[in-house]
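The block underneath contains the structure these notes are about, expressed in structure tokens.
Residue numbers (our numbering): 24 to 103.
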């Protein structure tokens, strides 16, 4: 990964979120993809981050059960 800094894993860590957000230019994306194809550690990190994003998106679309809403309302303390 000649286009990345001295430690390619450090650079990959730096660009991982922009890579997942599709914010990298073509050259940066190609370098990240090359490194991910060669580095097991960074590839596992990428897959973890990708799965975490998927989980968060799914959780954000699920409705909170009414029982949980009631319990949380009971725990709420008035501001005044």
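All C-beta atoms in this analysis are idealised placements derived from N, C-alpha and C, irrespective of residue type, glycine included.
Within a 10 Å sphere around the beta-carbon of residue 42 sit 16 or more other beta-carbons, which makes this residue buried. The alpha-carbon separation between residue 93 and residue 48 amounts to approximately 48 Å.
Distance check between residue 55 and each of 84, 31 and 67 places 31 closest, using alpha-carbon atoms only. Burial of residue 59 is indicated by the presence of at least 16 other C-beta atoms within 10 angstroms of its C-beta.
Rounded to whole angstroms, the gap between the alpha carbons of residue 75 and residue 97 is 31 Å.
Of the candidates 102, 101, 35 and 100, 35 places its Cα closest to the Cα of residue 67.
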